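Protein chains in written order, with the numbering used here: chain A, 1 to 176; chain B, 1 to 176. Beta carbons: idealized from backbone N, C-alpha and C, even for Gly. Just so we're clear, the structure is a prediction, and the values are computed from it rather than from any experiment. Written below as structure tokens is the structure these notes are about.
2 protein chains.
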Amino acid sequence: MARAGGPEAVVLREATRSVGVVPNAAYRHFADRDELLAEVCAAAMNELAERMVAGIGRVRGKRGNPEAAQRRLAAIGAAYLEFAHQEPGLFATAFAVPQQHTYAAARTPLGLLRDALDELVEAGVLDPQRREGIEYPIWSIVHGTAVLTTQGPLRDDPQVRRIEALTSAFIGNGLT
Amino acid sequence: MARAGGPEAVVLREATRSVGVVPNAAYRHFADRDELLAEVCAAAMNELAERMVAGIGRVRGKRGNPEAAQRRLAAIGAAYLEFAHQEPGLFATAFAVPQQHTYAAARTPLGLLRDALDELVEAGVLDPQRREGIEYPIWSIVHGTAVLTTQGPLRDDPQVRRIEALTSAFIGNGLT
DNA sequence: CCGATTTAGTGGACAGTGTCCACATTACGT
DNA sequence: ACGTAATGTGGACACTGTCCACTAAATCGG
């Protein structure tokens, strides 16, 4: 349901219906509809993270190799944006955690980004002094691009590819 | 209602109730709840734009002055982030237009950003070649920061100020 | 000025939703 | 084997968006 219609589409009664059970049965597993939604959000976030590690896995080259490190960073960004476009419902759901009990999963997008940036430092591509805290602007720019082009005013913009290329270039500019 | 609880909180029946009228009366003014929401979204977006022009208005210095131009760009970014934090409900609503009939208002955030960047070129601060399309990465990074720190996983993060300073530095880096 | 037409509001209804309560069933460990 | 915990059921309530037929008020052309 989240995949098809985003967070609003995950409706408790329909979920129980699809599983062949009466609505109230859900309350033996979740206190709230919000708790159910939180679980779905965690699953969506997990799928995003998995796509990112899959993207990393597709670039070959030893850890510490400068070009490989750069390509790995590009790969996680590309996977992030690709996920947002291929699964807009799940992407929106991943970041629609109700209140605040987001007990982070093992492999989180931010963690993967940090790993990639650390490798970039290790490979001598990124100045260690510039490394500090740079994950936040980079995450922001990728996330902002994803949100604006899938849910925001730039959604269905014909030149999405160009916009993404521009953000990629901007990031590359900010690293050197 | 949007101000207090975001887009989900704008509920048709309560709106009519607060205006002292029966629910169905709303259907003489809006075809849908979505059409009502679209109107609210437009109003929210307008308030965001107004805050941005107010921010521009507070920096003095003639158009074309390099330092003034830079401060004006910083001002619209700061206004954007400040609005997101002071009015999280309205900010979320501004970007929650139902489907896609967002007949853009006169002064839109993107338009204001473009003006500021054009002035930066005019003042000789920004290389005209680098100007082309740079509004998208910049909008993305500011929007991404706003979203992540007000609705996303970084919401209520104690070091929001630092994160915003980092994105500001990253943008400055990308302009020179 | 008056009658017709548009505009705005009313009342009642329906399906769908989240949630609560008391009750029945099933599974399981000692 | 039995008591306890886990799970599912049935019925209800308040709330939501939306539809229909009907009424009151405002507006406007002759």
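Whole-angstrom C-beta distance between residue j and residue i, which should lie under 8 Å
| i | j | result |
| --- | --- | --- |
| GLY61(B) | ALA68(B) | 3 Å |
| LEU148(A) | SER168(B) | The pair is not a contact, with the Cβ atoms about 19 Å apart (cut-off 8 Å). |
| THR150(B) | PRO88(B) | 5 Å |
| ALA79(A) | MET52(A) | 5 Å |
| PHE170(A) | PRO137(B) | 4 Å |
| GLY133(B) | GLY144(A) | Incorrect: roughly 15 Å between the Cβ atoms, too far for contact. |
| VAL121(B) | ARG131(B) | 5 Å |
| GLN129(A) | ASP34(A) | GLN129(A) to ASP34(A), Cβ: 43 Å. No contact. |
Residue-level contact to chain B via CB, residue i, 8 Å cutoff
| i | result |
| --- | --- |
| TYR136(A) | yes |
| SER18(A) | no |
| PHE170(A) | yes |
| THR145(A) | yes |
| ASN46(A) | no |
| GLY152(A) | yes |
| GLY89(A) | no |
| GLY174(A) | yes |
C-beta neighbour in chain A for residue i, strict 8 Å
| i | result |
| --- | --- |
| VAL22(B) | no |
| LEU148(B) | yes |
Neighbour list for residue i in chain B, Cβ cutoff strictly below 7 Å
| i | result |
| --- | --- |
| THR167(A) | TYR136, PRO137, SER140 |
Chain-ordered neighbours of residue i on chain A, where CB pairs are closer than 8 Å
| i | result |
| --- | --- |
| ASP93(B) | What sits at residue 93(B) in the sequence shown is Thr, not Asp. Those within 8 Å of THR93(B) in chain A number zero; the least Cβ separation is about 13 Å. |
| GLY133(B) | ARG162, ILE163, LEU166 |
Within chain A, partners of residue i - CB distance below 7 Å
| i | result |
| --- | --- |
| ILE163(B) | TYR136 |
Check whether residue i and residue j have beta carbons under 8 Å apart
| i | j | result |
| --- | --- | --- |
| GLY4(B) | PHE91(B) | The sequence shown places Ala at residue 4(B), not Gly. No, Cβ-Cβ distance for ALA4(B) and PHE91(B) is not below 8 Å. |
| ARG72(A) | ALA106(A) | no |
| ASP157(A) | ILE163(A) | yes |
| PRO23(B) | LEU12(B) | yes |
| GLU119(A) | GLY55(A) | no |
| VAL177(B) | GLN86(B) | Since the first residue shown for chain B is 1 and the last is 176, residue 177(B) is missing from the structure and cannot be characterised. |
| ALA49(A) | LEU113(A) | no |
| ALA96(B) | PRO153(B) | no |
| ARG58(B) | ALA75(B) | yes |
| ALA123(A) | CYS41(A) | no |
| ALA26(B) | ALA38(B) | no |
| GLY172(A) | ASN173(B) | no |
By the 8 Å beta-carbon criterion, what residues does the region 55–73 of chain A contribute toward chain B? Residues: none.
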